[in-house]
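Visitor:
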Amino acid sequence: METKYIFVTGGVVSSLGKGVATASIGLLLKSYGLKVTLQKIDPYINVDPGTMNPYQHGEVYVTKDGAECDLDLGHYERFLNNSLTRDNNITTGQIYYSVITKERRGEYLGKTVQVVPHITDEIKSRVMKLAKANHVDVVITEIGGTVGDIEGQPFLEAARQMRLDQGRNNTMYIHLTLVPYIKAAREFKTKPTQHSVRELRAIGIQPDVLVCRSDSWLTDDERKKISLFCNVPTEAVIDAVDVECIYEIPLVFHKQRLDNLILSNLGIDVGEPDLEEWGLFVDRAKSPSKSVEIAVCGKYVELRDSYKSIMESLYHAAVANDAKLKIKWIDTDRMEDEIQLGNTLAYADGILIPGGFGMRGVEGKIKIVKYARENKKPFLGICLGLQCMIIEYARNVCGMKGANSTEFDDSTAYPVIDLLPEQKKIKNLGGTMRLGDWPCQLEPKTLARKIYGKDLVQERHRHRYEVNPRYIKSLNDKGLVFSGRSPNRKLMEIAEINGHPFYVGTQFHPEFTSRPLAPNPIFYHFISASVKKI
Ligand code: GLN
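Residue numbering for the sequence shown follows the numbering used here, starting at 375 and increasing by one per position.
1) Taking 8 Å as the line, does the beta carbon of E781 fall inside it for any heavy atom of ligand 1?
2) Mind checking whether the beta-carbon of I742 lies closer than 8 Å to any heavy atom of ligand 1?
3) With DSSP collapsed to three states, give me the class of P607.
4) Determine the contact status of M536 and K498, defining contact as a CB-CB distance below 9 Å.
5) What does the Cβ neighbour count give for D446, buried or exposed, with the cut at 16 atoms within 10 Å?
6) Terminal residues of the continuous alpha helix (DSSP H) containing G759?
7) Helix, strand or coil for K378, going by three-state DSSP, please let me know.
8) When you compare only the Cα positions, how much space is there between I623 and D422?
9) Could you tell me the alpha carbon to alpha carbon distance between F882 and R836, rounded to whole angstroms?
10) Pick from P607, I620, A659, P662: whose alpha carbon is nearest that of I636?
11) Who pairs with D679 in a beta bridge, going by DSSP?
12) To which residues does DSSP link V855 through a beta bridge?
13) Determine the extent of the alpha helix (DSSP H) in which N463 is found, giving its start and end residues.
14) How many Å lie between V489 and N508 at the Cα?
15) If you measure between the beta carbons of A722 and E667, is that distance less than 9 Å?
16) Between the segment 446–465 and the segment 393–400, do three or more beta carbon pairs fall short of 8 Å?
17) Measure the CB-CB distance between K664 and K698 and report whether it falls below 9 Å.
18) Does ligand 1 have even one heavy atom less than 8 Å from the beta-carbon of I636?
19) On the three-state DSSP scale, how would you describe A441?
20) Could you tell me the boundaries of the beta strand (DSSP E) in which I825 lies?
21) Considering only residues of the segment 416–495, which uninterrupted beta strand (DSSP E) runs meet the minimum length of 3 residues and lie entirely inside it, listed in chain order?
22) Note down, in chain order, each residue of its chain lying with its Cβ closer than 8 Å to the Cβ of V553, except the 5 sequence neighbours on either side.
23) Taking its Cβ as the centre, do 16 or more other Cβ atoms sit within 10 Å of M763, making it buried, or is it exposed?
24) Check for me: the alpha helix (DSSP H) holding E573 runs from which residue to which?
25) Kindly list the residues whose CB is nearer than 7 Å to the CB of D613, restricted to its own chain and excluding five residues on each side of it in sequence; keep chain order.
26) Should I756 be counted as a contact of ligand 1 given a C-beta to heavy atom distance under 8 Å?
27) Roughly how many whole angstroms lie between the Cα atoms of A559 and M426?
28) Under DSSP, the alpha helix (DSSP H) around D539 begins and ends at which residues?
29) Here's the rule: buried if 16 or more other CB atoms are within 10 angstroms of the residue's CB, otherwise exposed. What is P528?
30) Going straight from the alpha carbon of Y406 to that of D648, what length do you get?
31) Could you tell me if P658 is buried or exposed, where buried requires 16 or more neighbouring beta carbons within 10 angstroms of its beta carbon?
32) At least one CB of chain D closer than 9 Å to the CB of M536: is that the case?
33) Quick one: is the Cβ of H449 within less than 8 Å of any heavy atom of ligand 1?
34) At what residues does the alpha helix (DSSP H) containing D657 begin and finish?
35) Excluding five sequence neighbours on each side, which residues of the same chain lie with their C-beta closer than 7 Å to the C-beta of T718?
36) Would DSSP call Y406 helix, strand or coil?
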């Protein structure tokens, strides 16, 4: 079979859940036994989102090969249950960087270098390279932003050319749009959809499928109207109705036969899909018999997308524990008063401190760690969360007054968290942290070893600072156990204490490897320790 290329575009407004829709289509096609990969195009000029503030961009997702990526890659990995790589995320910055580098090397042989064909060729070559490298049947490429954005034009142009190059049978265009319900008129409005399709057609793309986001199901009449005005068959007007669990979206699409439509459009002949396990997960997710409330304490809590993978990992673990998850968001910037903090946290079943950068909110986090340790509340500290755990232990158990990370206080008497010598030499900020998969050796007879059930694991990293090896012995003598270390034993990966229901910190980010059908073990055991039986 020739490789098939599907392009997913978005119209009207952003944040329609294009990433989840793309991931859902990927899962559906995979359920037929096809080999599928997903790719995200981000039309911004940054080479990657690694240097962006979470408020700009939401979470930075990290792949196993250490690429700092768009958070949609997280959806892709969770739905496909595959590990993706840096080639699965393209940005305008990367495309121009590589075209300009080629030009400087003289590779364009005296030609004027232009958007068409040089930039568009570079875009197409990245899409095809991904297909070739992974020997896939189908590549689904999601183009970020909305149709009509200046930044997105070269990518849409490249997508248009792909049909010319690869043929009608090997390409497909799916457009995600909004069909708002206007209360005053008591009807759905299809005009924004008509406009965004017109915009697409102006650049030469006639969508084959429209996926319409709506609050409730569209009627047949509305479907017919959209079909007529947008020149798409009625069966290709798919309703992406709001659901309580995002993992239900593939099933919502399947019910409307979107998978059959794609397969017949692309001339793919396959048997029946296997969606049984996925369906069971969704059923379990919708009818839990217990409940659990987790306080997530960070400084980017106003933008929930900053903690996307954490939220999803907690959710996977809650479903596996048959519990309904409630997240209580705590802004650590406003958590300096210990009494207020105790009152707020008393109702939580477990406390989680996620990763972060910079000193805002750190003292609040350290107080939260102390509260969790002393009150024996299940606690999980991730990356900066682990570093706060070490600082708190040094200050309050080991008597190291003013202990800190040199990220926040470079003249501290006890730099318990510090840069490694090799990090001190680095000048550029982009892509230079300890990134991606690193091995972690688990110590026998520790909680971490029990949780993972094996001696060696790989987890993903994104940080510059580490536990300072000079203080390991003092911390250890006072009861802090380093239960996971790098195989050369120099880098501390996991810390825990005895005599507490669950008090674990990880230097890595376990949230990047959690999947609906296979929750990350650290999250699973954290939720098990927190769960309320009702
Ligand atoms: N700021 C800390 C570091 O760079 C922690 C990073 C994180 O939590 N991802 O080491």
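Yeah, the Cβ is synthetic: ideal placement off N, Cα and C, and Gly gets one too.
Guide: In terms of the structure at hand:
1) Relative to ligand 1, the nearest heavy atom lies less than 8 Å away from the CB of E781.
2) Result no, Cβ not under 8 Å from ligand 1.
3) In this structure, P607 counts as coil in the three-state DSSP scheme.
4) Contact flag set, yes.
5) By the neighbour-count rule (16 or more Cβ atoms within 10 Å), D446 is buried.
6) Segment 758–770, the alpha helix (DSSP H) holding G759.
7) Looking at K378 - three-state DSSP - the assignment turns out to be strand.
8) C-alpha separation (whole angstroms): 28 Å.
9) The alpha-carbon separation between F882 and R836 amounts to approximately 7 Å.
10) If you compare the alpha carbons of P607, I620, A659, P662 with that of I636, the shortest gap goes to P607.
11) Paired residues: none, contrary to the question.
12) Among the bridge pairs identified by DSSP, V855 is matched with E870.
13) That residue, N463, is in no alpha helix (DSSP H); its beta strand (DSSP E) goes 463–465.
14) In a straight line, the C-alpha of V489 is about 28 Å away from that of N508.
15) Closer than 9 Å, so yes.
16) With a cut-off of 8 Å, the segment 393–400 and the segment 446–465 count as touching, because enough Cβ pairs lie within range.
17) A contact, by the Cβ cut-off of 9 Å.
18) It does not: the Cβ of I636 is nowhere closer than 8 Å to a heavy atom of ligand 1.
19) Looking at A441 - three-state DSSP - the assignment turns out to be coil, as it is neither helix nor strand.
20) According to the DSSP assignment, I825 belongs to no beta strand (DSSP E) but to the alpha helix (DSSP H) extending over 821–826.
21) Counting only runs of 3 or more, we get 463–465.
22) The residues F562, K563, T564, P566, T567, C586, R587, S588, L592, E596, I600, in chain order, have a CB closer than 8 Å to that of V553 in the same chain once the five nearest residues on each side in sequence are set aside.
23) Taking every protein chain shown into account, the CB of M763 has 16 or more other CB atoms within 10 angstroms, so this residue is buried.
24) Per DSSP, the continuous alpha helix (DSSP H) segment holding E573 begins and ends at 565–576.
25) Excluding sequence neighbours, D613 sits near C586, S588, W591, L592, Q630.
26) For I756, the Cβ falls inside the 8 Å cut-off from some heavy atom of ligand 1.
27) One C-alpha to the other measures close to 41 Å.
28) 527–540 is the span of the alpha helix (DSSP H), which, as asked, contains D539.
29) So P528 counts as buried.
30) As the crow flies, the alpha-carbon of Y406 is around 6 Å from that of D648.
31) Rather than Pro, the amino acid found at residue 658 in this sequence is Arg. Classification for R658: exposed.
32) Absent from the structure is chain D; it holds one protein chain and no more.
33) No, the Cβ of H449 stays beyond 8 Å of every heavy atom of ligand 1.
34) Looking at the DSSP string, the run of the alpha helix (DSSP H) that includes D657 is 650–660.
35) Within the same chain, T718 has close Cβ partners I704.
36) Three-state result, Y406: coil.
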